[in-house]
Amino acid sequence: MALYPQSQVYAQPQYPTGYPQQPIPPPAPNHFYPPTQPQSQPFFHVDPDTFRRDYMNRLAELTVNSRPIIHNLSIIAQESKRYAQIVAQCIESHIRRVPNWMKLPAFYLLDSISKNVFDPYARQFTPLVVRLFLDTYEGVDQATRSKMEEMLLTWRTGSPDNRELFGVVSQLAIERQIWGSGSQSGASSLKQNGQSGVSQAQVVSELDFVLGQKERALQSNPYDKVSQQHVAILHQLRSLVQAGVSQSELGAILNQLRTLAPAPTPAPARMPPPSVALPPARYPPPQHLPPPSALASTPSVPSYPVPAFSQPKVEPTAANLASSSSAPPVPVPNISNLFNALMKAGVVSANATPTGAGQTAKDQTPPPADSPKDALREYRKAIVSARIRLGSSDIMRQRPPIVRFLYDTAPSQCKQCGIRFSDSSSGKKRMEDHLDMHFRQNRKSTQSSGRGHCRSLFVNVEDWISYGSSDAKGKGRADGLVNAKAMAAAEAAKADADLRAMYVVVPPGDEAQSMSCPICKESLKAEFLEDDEEWVWRNAIIKDDKVFHATCHAEASASKSSLAARLRNEVSSRSRSRSQTPEAQMKDVSHRKSESPTPKLAGNKRKAEDDGHIFHGTKQEEGTPPMKKLALTA
Amino acid sequence: MAAYANVHLALETMRVKTLLHAQIRASPETATPDDLKEDAENGPTDAPRVLILGPENSGKTTMAKTLINYATRSAQDWCPILVNVDPSEGGPMLPGTLSATPIPTPIQTSTPAHTLGSSATTAPTHMASNSLMPFGYWYGHAEIKRNPLLMDRLIRNLGVNIWDRWDVDMIGRSSGLIVDTPASFAANSGPNSDHRQSLIKACVDAFRINVILVVGHEKLNVEMQRTYGKQLTVLKIPKSGGVVELESLYRARVRKYQMHSYMYGERITPPPGMPPLSVTQTAVRYLIGGEQSADMTLAPSSSIVSFGEMNIWRIGEETMAPTSALPIGATRVVSEMQPLAVDPAQPGSGLYNAILAIVASPNPDEAERYDEEILDLNVLGFVVVTALDLPNKRMTILSPTQGSLSGTDSYCWFVRVAGTKVVRYTSPILIKSRDQHSTIAPVEC
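These protein sequences, in sequence, are chains A and B. Residue numbers for the first sequence follow the numbering used here, so the first one is 38 and each next one is one higher. Residue numbers for the second sequence follow the numbering used here, so the first one is 805 and each next one is one higher.
Structural data, given as structure tokens:
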């Protein structure tokens, strides 16, 4: 039974159930579900005739696409390899005998047996399969045909060594008959084909096949952004191909598709339906584009997942398409754009080399940093490209592209409440916060609330005004309230702490001398700083060659100086303080006792500030309270 | 719905452009040349501030909600403000209030009690729309014609506070607001049309409206085009096909339900076919209205307070004749805006079964106070007078939070109530319509 370790993959839509058009006479229920005949039922048919009769009987049950029946028949075939010829004959005669609408399941059986029990059966089927396939193909309706084409495509790599299931010759013979002469070299050598005539039908059918694979992959992993995007692109490609493109483009597309479609599934885990969701690892992540120059402004943002980055490149095209696709025959020029998009998205590699090659090298370049601004920019572009204005005619436009903005731009969804988040780094952060909120609320709801819950009072004006949306996003809770006064108090406390963290290195030789602050007349306490291995005065600042308490000095200068005086101080004393105060004297309070790299950072920051020499109103954003800044520069 | 979606996209275009402009102005050094170029091409931008007008049963509130939800669902951090100036609907508050509510996440609809989201409770809630932070003023009547002057003033107060909030909130400012109006704003005939115009004007001025959407009312559309067409966008939106004519009885029942659920919360019943949540506690959990526990029951508290502990005011006279009915040359003794103290001990005070609004503390600085300050104080909560004991000068009030007004055991309530007043509102639903205004406040602390 080791051959069927994953027999549940039959449940995948590889064998689509039912026929869309034909009304199927419902067979007896036990035909659908033959579990009454246990799979382990022994088949010791010594007599070939008995076996043939028995197998034909069982085949006759295969009137609809029923997974258990196919499964059973495959097992029987596997267990009776010595009667391989008989099995092949049975199946062939069955296929030829039954009405058209019953042929597809039998083909699925043939497919399943050949792939699972490759050794004798593929050989047995090889002489029959071309004629059988083509005869059947002519007889069946369009829906069945496309299913058969799909199956045919899987045969390209159906054998255990990823070669053609029934050999190159058979494969080519069938493909040539079905799609014309375009594929004469297709199956054997990917590199050569494509330039000669390729029929549109073949491309479409292969597109459908790849699309089916992708969609299945997407079903099994709905949050796979890459696959989502591939599917979207492939859909566009398909509509374009149907609208008609030039022969060379067809060839190119086909070439690219081939590099994708028949890629090998891992050999040991051979599964009966090869087109079942392929391991996502097989799809290369999109190749990174050179980062736009705009990204340089935010170098500190952590690395960023690939798919969302490559998406914007596709979006404009998609938007154009969506807006212009009212008439089915799309003008041809879009094809190159689309194809480029396809290439960029990594569905297709630029040259026809297998997509795996060269991938590793590209992966090593770090993904470009992204930022909320970029995400916003993409969104803005997409929105603006919808070109809807507030006017009567625009408002009445049919089929607004709103789904894209409500769903596609926000692919990650909270599984608990269904709220969506964008895929950008900030969106991920928000989603984490959101999940944390769920966790907190869940924990809260499990705790017993002695007195029950009650409605909260509404907030005050001051609270409401300062209750910014930015810090409360995703929480929106009463306990997240930030009082403006509390914030101011916290800021002041932080400024004070920062001041106290400042220190002055005691000049050599002065260790024993006691210094007192000229303002408060208290002596400065010297202490030994382990990190820098120096004696320092805590809470001290040097000003005009005198050592002050930093807090006293800040207080004094704040009280005496008007805004103008403060500004003057800032400008005039910057250079002096730079020369007198070593950089390492700035230290963040929170890291006072910790490792020494932090002071360096603080020093660098200040240096950058000083070198900048431009004082914007935005200096506040750096988190330095004005008090500290004053003290620093005074 | 195509029209709504298109409107949303148009508003979204305004939002993104405004945000770009605001970002460039806030930090010009980080803007890229592309951004600057784009911003220059955009020309003057402004966030969408939308006023929705329309007759009764035209889907105004639904449209406001749809637009808000579209905006919040776009994962762009928008936090638009939903302004409700329809006193007959409560928004997230109670009927009788005018409110502004920032909406950070989509509003769910699970119950008619608060279709526009529920204000915050102490219960653990998963949906941000169930713990909103509304801000509002107490108007106290269901109809705007009862006191248009007061309404005008409250609308302008609301606008001032919204703009104060936006001063520090760039994204919020770019998100804009959507104003849901009462149907009487659209009734362009009859005796009330003079104050109707002035109230629309008040809305446009206070919220600096730049888009007026007229839902399915051609005549009103023309009127708005004529009045405001030059300075802002007036757009007619077709009435949604799904609009259902609601009876006034139904609306009254919804209002009653809203008041009930303000105090008691609600228990959401699972749809038919689903097992009750209590059964599936451990096995299969599912969400109802986005919440994991369907039991959002709240526990209000009933307490007895003596008359002396509260100050109750009424705005204007209880029954006010129209100015035109006064004798020629006579002026009102009591103006429409004047707060009058109500003595609960007097028979006929009309306090029984009335809903009173607790308003915020007046300015602690005595010098800053003024006569009509109570009109400018926002609502903190509501209480209901459930019993009046005239001989003992006591009354029983039902308040949303636990603890009593006079008790010291409940720190939170005690502190918040210190110096607050309660404006009273006799709901036309709880008892027969006797709309009036009053205020209560504890005498000390």
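Each residue gets a CB set at the ideal place from its N, CA and C atoms; glycine is no exception. In this text the structure is predicted, and so the values were computed from the model without any measurement.
Item	Value
Check whether the stretch 902-913 of chain B and the stretch 878-887 of chain B are in contact - that is, three or more C-beta pairs closer than 8 Å.	yes
Taking C-beta pairs closer than 8 Å, name the residues in chain A that B/Ser923 reaches, listed in chain order.	Arg492, Ser493 and Phe495
Could you confirm whether any beta carbon from chain B is found closer than 8 Å to the beta carbon of A/Ala515?	Note that A/Ala515 scores 34 on pLDDT, short of 50, meaning its location in the model is unreliable; the coordinates nonetheless yield the value given after this. Yes, its Cβ sits closer than 8 Å to a Cβ of chain B.
Could you check where the beta strand (DSSP E) with A/Arg193 kicks off and where it finishes?	Premise fails: A/Arg193 is in no beta strand (DSSP E) and is neither H nor E.
Per DSSP, what are the beta-bridge partners of B/Gln1185 in this structure?	Sequence inspection shows Gly at residue 1185 of chain B; the Gln mentioned does not correspond to that position. Beta-bridge pairing links B/Gly1185 to B/Ile1162.
Please determine, among B/Leu1024, B/Arg969 and B/Gly1185, the residue with the shortest C-alpha to C-alpha distance to B/Met1067.	B/Gly1185
Could you check the C-alpha separation between B/Pro910 and A/Ile556 for me, to the nearest Å?	58 Å
Any idea if B/Thr929 is buried or exposed, counting beta-carbon neighbours within 10 angstroms, 16 or more meaning buried?	buried
Assuming A/Leu248 and A/Arg275 form a contact by the criterion Cβ under 8 Å, report the distance between their Cβ atoms to the nearest whole angstrom.	7 Å
Only counting runs of 3 or more residues, tell me where the beta strand (DSSP E) segments fall wholly within the stretch 826-879 of chain B, in order along the chain.	853-857
Grab the span of the alpha helix (DSSP H) containing B/Met1157 for me, first residue to last.	Per the sequence shown, the amino acid found at residue 1157 of chain B is Asn instead of Met. From DSSP, B/Asn1157 is part of no alpha helix (DSSP H); its letter is neither H nor E.
I'd like the span of the alpha helix (DSSP H) that includes A/Phe476, first residue to last.	Ser462 to Thr483
Go to A/Ser207, then tell me how far its alpha helix (DSSP H) extends in each direction, as first and last residue.	Gly204 to Trp216
Starting from B/Ile1178, trace the beta strand (DSSP E) in both directions and tell me its first and last residue.	Element bounds for B/Ile1178: n/a, residue is neither H nor E.
What is the residue span of the beta strand (DSSP E) that B/Met1078 lies within?	Where B/Met1078 is concerned, there is no enclosing beta strand (DSSP E), given that its DSSP letter is neither H nor E.
Does the separation of the CB atoms of B/Arg969 and B/Gly980 fall below 8 Å?	no
Give the residues of chain A in contact with B/Met1114, contact being defined as C-beta atoms less than 7 Å apart.	Simply none; closest approach about 16 Å.
From which residue to which residue does the beta strand (DSSP E) around B/Ser967 run?	The sequence given here places Trp at residue 967 of chain B; Ser does not occur at that position. Per DSSP, B/Trp967 belongs to no beta strand (DSSP E); it is in the alpha helix (DSSP H), Pro952 to Asp971.
Do B/Gln1062 and B/His918 have their C-beta atoms within less than 8 Å of each other?	yes
Please state whether the Cβ-Cβ distance between A/Glu252 and A/Val240 is less than 8 Å.	no
Residues of chain B with CB under 7 Å from A/Ala423, in chain order?	Leu813
Once DSSP output is grouped into helix, strand and coil, what is the label at B/Leu1024?	helix
Whole angstroms is fine: what's the gap from A/Ser330's alpha carbon to A/Arg424's?	Residue confidence is low: A/Ser330 scores 40 on pLDDT, short of 50, so the model does not pin down where it sits. Its coordinate-derived value is still stated next. In a straight line, the C-alpha of A/Ser330 is about 26 Å away from that of A/Arg424.
The beta strand (DSSP E) spanning A/His586 covers which residue range?	Lys583 to His586
State the DSSP-derived secondary structure class of A/Leu271, mapped to helix, strand or coil.	helix
For the putative contact between A/Pro536 and A/Ala591, defined by C-beta atoms under 8 Å, what is the C-beta separation to the nearest angstrom?	For the record, residue 536 of chain A in the displayed sequence is Leu; it is not Pro. 6 Å between Cβ atoms; contact.
Measure from the C-beta of A/Phe442 to each C-beta in chain B and report whether the shortest distance is under 8 Å.	yes
Go ahead and pull the three-state DSSP assignment for A/Asn94.	helix
In its own chain, which residues sit with a C-beta less than 7 Å from the C-beta of A/Val541, not counting the 5 before and 5 after it?	Val573, Trp574, Ala577, Ile578, Ile579, Val584 and Gln622
Hey, how far is the Cα of A/Val166 from the Cα of A/Ser207?	8 Å
Quick test of the definition: if touching needs 3 or more C-beta pairs under 8 Å, does the stretch 1013-1027 of chain B touch the stretch 848-857 of chain B?	yes
Tell me, to the nearest whole angstrom, how far the beta carbon of B/Leu1202 is from that of B/Thr1190; I am working on the premise that it is less than 8 Å.	5 Å
To the nearest angstrom, report how far apart A/Phe442 and B/Glu860 are at their CA atoms.	31 Å
Does any residue of chain B have a CB that is nearer than 8 Å to the CB of A/His267?	no
Out of A/Asp245, A/Tyr145 and A/Ala530, which has the shortest C-alpha to C-alpha gap to A/Val101?	A/Tyr145
Alpha carbon to alpha carbon, what distance is there between B/Leu871 and A/Met433?	16 Å
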